[in-house]
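J.: So that we are looking at the same thing, I have put the structure below in structure tokens.
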Amino acid sequence: MGDNQEKKLSPQTNFATRLIHFGAEIDTHTGASSVPLYQASTFHHYSLDNPPEYDYTRSGNPTRQALEDYIAMLEGGTRGFAFSSGMTAISAAFMLLSAGDHVICTEDVYGGTYRLLSTIMSRMNIETTFVDMTQIEAVKAAWKPNTKAVFVETPSNPTLKITDIRELTDWAKEFGLLTMLDNTFMTPYHQRPIELGIDIVLHSATKFLGGHSDLLAGLAVVNSDSLGVRLKQIQNGLGNVLGVQDSWLLIRGMKTLQARMEFSEKSARVLAEWLDKHPAITQVFYPGLPNHPGRAIHEKQSLGYGAVVSFDTGSEENAKRVLARVKIPLVAVSLGAVESILSYPAMMSHAAMPREVRHQRGITDGLLRYSVGLEHIDDILADLAQAFEK
680 MGDNQEKKLS PQTNFATRLI HFGAEIDTHT GASSVPLYQA STFHHYSLDN
730 PPEYDYTRSG NPTRQALEDY IAMLEGGTRG FAFSSGMTAI SAAFMLLSAG
780 DHVICTEDVY GGTYRLLSTI MSRMNIETTF VDMTQIEAVK AAWKPNTKAV
830 FVETPSNPTL KITDIRELTD WAKEFGLLTM LDNTFMTPYH QRPIELGIDI
880 VLHSATKFLG GHSDLLAGLA VVNSDSLGVR LKQIQNGLGN VLGVQDSWLL
930 IRGMKTLQAR MEFSEKSARV LAEWLDKHPA ITQVFYPGLP NHPGRAIHEK
980 QSLGYGAVVS FDTGSEENAK RVLARVKIPL VAVSLGAVES ILSYPAMMSH
1030 AAMPREVRHQ RGITDGLLRY SVGLEHIDDI LADLAQAFEK
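So for the sequence shown, my numbering puts the first residue at 680; every next one is plus one.
Here it is in structure tokens:
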């Protein structure tokens, strides 16, 4: 038997290995091969003069801390935070702002983020300008003296537009702007925005990180200790933390992230190419296609294309016909699971966005979003082929 010492991996250790050996994979007290589940709301103070590390689970819990350290390590940040959903993570990040501040945001952003900014943060006197972030000049033109933050999705949801992260952060730093990026589609396996200058990386961990459609969670990672102190104050003050059971489930799901992403992406690339040639489809959105206008930029900042493919069937009638005929994917909101999920953004993820606004941003009534799971690609294609038959 060797000494009971903490294992430390080399910084050069590959991502797949770090997913499994992330620092808390072995319990130091018992040697258990899983993070203990500390199902406790409060913690005993053995000495009032020497308070314990944890005192109340809203403020901190060992199981949640293992998860928060895990995502911080994967993203290359200084501190991680686990929230009760992706939207609570995003909301907490926006709580860093104050009344009178202005935000520049990706125009075809996730519908929940659009709703937060346009109907809730606006009541807090925080103003938002939505712009096409594929054009840096449009971002620059949106700047105002009270601009304090930039929020970006790349690839965007659901039209998969690409923003040049480094170009954006270089400009934002000139004006001292806080930069936030939703990394849900790419995950840290494919894209690590902090290395490109982003201040806060956000995830709906419900999706690819969890990977099994069995939990609701959000994660945030910051690039500095000072920002970490501020976000911790907000997390503790609002109390919107991730529960202990879901923290444990998320840790378990993240261990297989690379294996799942590699398999699903391989199938997604085949699906995108097949859809691009299909006469029933008017347009396909996938950064791995040669004709995608943002492909070169995406390849510069990401290691893969992801497992989400959006495509336009031409009309609401066609989209609903496909949704009614498919047999393999779940017809549902969400994405990033072991099972394929086919979504209708107009009535699901982007239902909060007015129709005319959706259309301006390319989110048409015929648009469908396919999150490719772990089923065999031949079965996925055969299923869609029969769904497209007139």
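Yeah, the Cβ is synthetic: ideal placement off N, Cα and C, and Gly gets one too.
Check for me: the alpha helix (DSSP H) holding Glu846 runs from which residue to which?
T.: Note, Glu846: alpha helix (DSSP H), 844-853.
J.: At which residues does the beta strand (DSSP E) containing Asp861 begin and terminate?
T.: Its beta strand (DSSP E) spans residues 857-861.
J.: For Asn729 and Gly779, what's the separation of their Cα atoms in angstroms?
T.: Asn729 and Gly779: Cα-Cα distance of roughly 42 Å.
J.: Going by DSSP in three states, Lys823 sits in which element: helix, strand or coil?
T.: Note: Lys823 maps to coil in three-state DSSP.
J.: Could you check the C-alpha separation between Val949 and Phe964 for me, to the nearest Å?
T.: Going from the Cα of Val949 to the Cα of Phe964 covers about 13 Å.
J.: When DSSP labels each residue in this structure, what does Gln937 get in the three-state scheme?
T.: Three-state result, Gln937: helix.
J.: Would you say Ser943 and Gly1052 are within 8 Å of each other, going by their C-beta atoms?
T.: Yes, they are a contact pair.
J.: Checking 8 Å against the spacing of the C-beta atoms, do Leu776 and Cys784 come in under that value?
T.: No, the Cβ-Cβ distance between Leu776 and Cys784 is not below 8 Å.
J.: Could you give the first and the last residue of the continuous beta strand (DSSP E) run that contains Tyr1049?
T.: Tyr1049 -> beta strand (DSSP E) spans 1046-1050.
J.: How close, in whole Å, do the beta carbons of Gly907 and Thr757 come, if the pair is a contact with beta carbons under 8 Å?
T.: The pair is a contact, with the Cβ atoms about 6 Å apart (cut-off 8 Å).
J.: Restricting to runs no shorter than 3 residues, where is the beta strand (DSSP E) found entirely within the region 931-981?
T.: The region 931-981 contains these whole beta strand (DSSP E) runs: 962-964.
J.: Return the Cβ separation of Phe887 and Gly1015 in integer angstroms, given the expectation that the two are a contact with Cβ distance under 8 Å.
T.: Indeed they touch by this definition, with Cβ atoms about 4 Å apart.
J.: Please say whether Leu857 and Lys827 have beta carbons closer to each other than 8 Å?
T.: Yes, they are a contact pair.
J.: Touching or not, the region 702-720 and the region 888-901, by the rule of three or more beta carbon pairs under 8 Å?
T.: No, the region 702-720 is not in contact with the region 888-901.
J.: Quick one: what's got a C-beta closer than 6 Å to Leu928's C-beta in the same chain, skipping five residues either side?
T.: The residues are Leu894.
J.: If you follow the alpha helix (DSSP H) that Ala620 is in, where does it begin and where does it stop?
T.: In the structure displayed, the chain extends from 680 to 1069; residue 620 sits before or after that span and is not available.
J.: Which first and last residues belong to the beta strand (DSSP E) in which Asp991 is found?
T.: Taken as a continuous stretch (DSSP letters only), the beta strand (DSSP E) holding Asp991 covers 987-991.
J.: Within its chain, find whatever has a CB closer than 8 Å to the CB of Glu1070; leave out the 5 residues flanking it on each side and keep chain order.
T.: With the chain covering 680 to 1069 only, the question about residue 1070 has no answer from this structure.
J.: Determine, using beta carbons only, whether Pro834 and Pro966 come nearer to each other than 8 Å.
T.: Yes. Within cutoff.
J.: Looking at the structure shown, is Ser720 part of a helix, part of a strand, or coil, going by DSSP?
T.: Reduced to three states, the DSSP call for Ser720 is coil.
J.: One question on the structure: do Ile930 and Leu698 come within less than 8 Å of each other, judged by their Cβ atoms?
T.: No, the Cβ-Cβ distance between Ile930 and Leu698 is not below 8 Å.
J.: Would you tell me roughly how many angstroms separate the C-alpha atoms of Pro1024 and Leu1063, rounded to the nearest one?
T.: Near 18 Å, if we compare the C-alpha coordinates of Leu1063 and Pro1024.
J.: Run through DSSP, which three-state label would Glu747 get?
T.: Reduced to three states, the DSSP call for Glu747 is helix.
J.: Return the chain-ordered ranges of every beta strand (DSSP E) run that is complete within the region 767-836 and spans a minimum of 3 residues.
T.: Complete beta strand (DSSP E) runs here, min 3: 781-785, 806-810, 826-832.
J.: Is it buried or exposed for Asp1044, if we count other Cβ within 10 angstroms and need 16 for buried?
T.: Under this definition Asp1044 is a buried residue.
J.: Where do the N-terminal and C-terminal ends of the beta strand (DSSP E) with Ser905 fall, by residue?
T.: Counting along the chain, Ser905 falls outside any beta strand (DSSP E), though it belongs to the alpha helix (DSSP H) covering 904-917.
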